[in-house]
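Using this note's numbering, the letters of the sequence shown correspond one by one to residues 305 to 758.
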Amino acid sequence: MTAHAEAEAILDLPSAVTPFEEAFRAFDDGAGRSAPASIQSMREAAFDTFRRLGFPTTKNEDWHFTSVAPIVEHDYLYITTSSGDVLPKALAPFTFGHDDWHTLVFVNGRYAPELSNRRALPRGVRLLDLQSAWREAPELIGQLAQITSYDDRAFTALNTAFMHDGAVVCVARDVGVEQPIHLVFVTDAVAAKSMMHPRNLILVERNAKATVIESYVSLSDAVYFTNAVTEVAISEGATLHHYRMQREGMRAYHVGTVETHQARDSHYVSFALATGASLARTNVYTTLDGEGCGSTLNGLYMLDGEQHCDHQTMIVHAQPNCYSRELYKGVLDGQSHGVFNGKVYVDPIAQKTDGKQTNNTLLLSDKAQIDTKPQLEIFADDVKCTHGATVGRLDEQALFYMKSRGVSRELARQLLTYAFAADVLETIEQQSVRQELERMTLKRFTKGESIAEG
């Protein structure tokens, strides 16, 4: 029995809802009153759903390899006012060398306008924090909870119940945004024993094109809980490059969900990086709901110590003549535990679907563990779909070849590990992001230093 499973066995998960109920009542009677009535009603309904669902257990198929007991055994404070004292220079390691990008910064879950940059936004681009949006753009706020559902997802319901801060991005029809839009969620020591529920909405209208980066980072080793939800709508002919970077502290807990709806001839390109947190879970779901859509979901997780990281992806082919590509790679060291569960669902109407899914994991330690389950559910007869997974260790022949040419075994081991991880990083089109992640990965595997220290 793993440490996480043991924790679940001794914890009464249903009773764990009680502290969250107390926090919700305090929030609902206080800062939550500033939201429109429609949002307040949605929060109440969402918390009722959360109360009904409770936290998932390992008896739930989607959570079979991940116990949330380490998350819920803490009592968290929900901060509703600005806190922390983060200076701009503290964010430098996480800006990919571009503090000039369109940026919204959130410190300990609260919007920090003094650290944000909304100058020089192109005409037709709206970039708002959530509270400003429900005052200034109610037509956008009306789309919240329209793409994702909290009916059977406890963490999405919990996020919706505490929905207070986050980002709203809207790119108007035919507009192309040259610079990436960067959403930075940073925590410092003030976040200790607190919880954050960022809620983001990204709308890319017809024939528009944009790049959005979500960064979840930490400046301390505090224990805290992030539960983020991002809804994405990509209209006909539009393209979104969406990068999600999870580099939180090694004692943090992180659950993140991205749910995307794609219209005809749209393209969604996703990359998920996970290196931080004691326990992390990332869900990436997309529905190809128009002919001619394309979806690319790639990711990299690098774990050490006793970290646990779970990736769940779902690609729904709901219309004909669409393609999907998926490549997730993991590098596991120490006693870490990785989980990958990727599902591709092909609807009966989705003829001429072209799908390919791959998960490759490299184990650097005898005690590291991976549970991987690529899945295909195909109900159309004229499709081309493949899936596969590999789990292995470093190639001894390659190590021998490099040693025979004067490279030490340790350096050869480091370079081969980097090469394995770098392969998926090469799929990142945004040059600054790709170069920075390659640099951090190389540093991690050639000097033994953590990315968080970078």
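Virtual Cβ for every residue (Gly too), placed ideally from N, Cα, C.
Can you tell me the Cα-Cα spacing of D333 and N511, whole angstroms?
-> 43 angstroms
Helix, strand or coil at A465 according to DSSP, with G and I counted as helix = helix
For F398, collect the residues of the same chain with a Cβ closer than 6 angstroms to its Cβ; drop the 5 residues on either side in sequence, then sort them by chain order.
-> S519, V521
In the DSSP assignment, find the alpha helix (DSSP H) that holds D352 and state where it starts and stops.
-> Here the alpha helix (DSSP H) through D352 covers 341-357.
Residue span of the alpha helix (DSSP H) that contains M606, given as start and end | Taken as a continuous stretch (DSSP letters only), M606 belongs to no alpha helix (DSSP H), being part of the beta strand (DSSP E) at 598-607.
Are the Cβ atoms of T491 and T530 separated by less than 9 angstroms?
-> yes
Go through its chain and collect everything with a Cβ distance to K707's Cβ below 8 angstroms, but skip five positions before and after it.
-> Correct list, in chain order: R713, A716.
Which value, in whole angstroms, describes the spacing of the CA atoms of S338 and D469?
-> 12 angstroms
If you scan the stretch 449-525 from start to end, which runs of the beta strand (DSSP E) of 3 or more residues do you find wholly inside it?
-> 471-475, 485-491, 498-500, 503-508, 513-522
Going straight from the alpha carbon of Y547 to that of K747, what length do you get?
-> The alpha-carbon atoms of Y547 and K747 are separated by roughly 21 angstroms.
Count the CB pairs spanning the stretch 560-576 and the stretch 479-491 that are closer than 8 angstroms, and state whether there are at least three.
-> no
Rounded straight-line distance, which links the Cα of L432 to that of Q718 | 43 angstroms
At which residue ranges does the stretch 575-662 contain complete beta strand (DSSP E) runs of 3 or more residues, listed in the order of the chain?
-> 583-592, 598-607, 612-621, 627-636, 641-650
CB of F328 within 9 angstroms of CB of F466, strictly = yes
In angstroms, rounded to a whole number, what distance separates the CA positions of A437 and Q447?
-> 12 angstroms
Pull up the DSSP beta-bridge partners for I674, would you.
-> G642
What is the C-beta distance between G603 and L636, in whole angstroms, given that I count them as a contact (C-beta under 8 angstroms)?
-> With 8 angstroms as the limit, G603 and L636 do not qualify as a contact, their Cβ atoms being about 14 angstroms apart.
If we ignore side chains and look at the alpha-carbon of each, how far apart do E418 and P392 end up?
-> 9 angstroms
Can you name the start and end residues of the alpha helix (DSSP H) that T721 belongs to?
-> The continuous alpha helix (DSSP H) containing T721 extends over residues 713-729.
Could you spell out the range, first to last residue, of the alpha helix (DSSP H) harbouring Q435?
-> It spans 434-440 - the alpha helix (DSSP H) in which Q435 sits, taken as one unbroken run.
So, helix, strand or coil for A330, using DSSP?
-> helix
Can you name the start and end residues of the beta strand (DSSP E) that Q701 belongs to?
-> Premise fails: Q701 lies in the alpha helix (DSSP H), 700-708, not in any beta strand (DSSP E).
Give the DSSP-derived three-state secondary structure of V429 in the structure shown.
-> Residue state, collapsed to three classes: strand.
Which runs of the beta strand (DSSP E) fall wholly inside the stretch 523-569 and span at least 3 residues, in chain order?
-> 529-538, 543-551, 557-566
Assign E325 to one of two classes, buried (16 or more other C-beta atoms within 10 Å of its C-beta) or exposed (fewer than that).
-> exposed
Since E630 contacts G594 with CB under 8 angstroms, what's their CB separation in whole angstroms?
-> Between G594 and E630 the Cβ distance is about 19 angstroms, and since that is not below 8 angstroms, they are no contact.
Look up K784 in the DSSP assignment and give the residues it is bridged to.
-> No information on residue 784 is available, as it lies outside the stretch 305 to 758 that the chain covers here.
Mind the definition here: the stretch 649-663 touches the stretch 620-630 only if three or more C-beta pairs lie below 8 angstroms; say whether that holds.
-> By the Cβ test, the stretch 649-663 is in contact with the stretch 620-630, since at least three Cβ pairs between them sit closer than 8 angstroms.
Counted within 10 angstroms of its Cβ, other Cβ atoms place L741 as buried (16 or more) or exposed | If you draw a 10 Å sphere on the C-beta of L741, you find 16 or more other C-beta atoms in it, and that means buried.
Exposure label - T745; buried when at least 16 CB within 10 Å = buried
Would you check if the distance between the CB atom of T564 and the CB atom of E610 is smaller than 9 angstroms?
-> no
From H621 to A532, what distance separates their C-alpha atoms?
-> 25 angstroms
Could you please give the first and the last residue of the uninterrupted alpha helix (DSSP H) stretch that includes V376?
-> 373-376
To the nearest angstrom, report how far apart R356 and M346 are at their CA atoms.
-> 15 angstroms
Looking at C-alpha atoms only, which residue of I451, H501, Q550, F459 is the closest neighbour of L507?
-> I451
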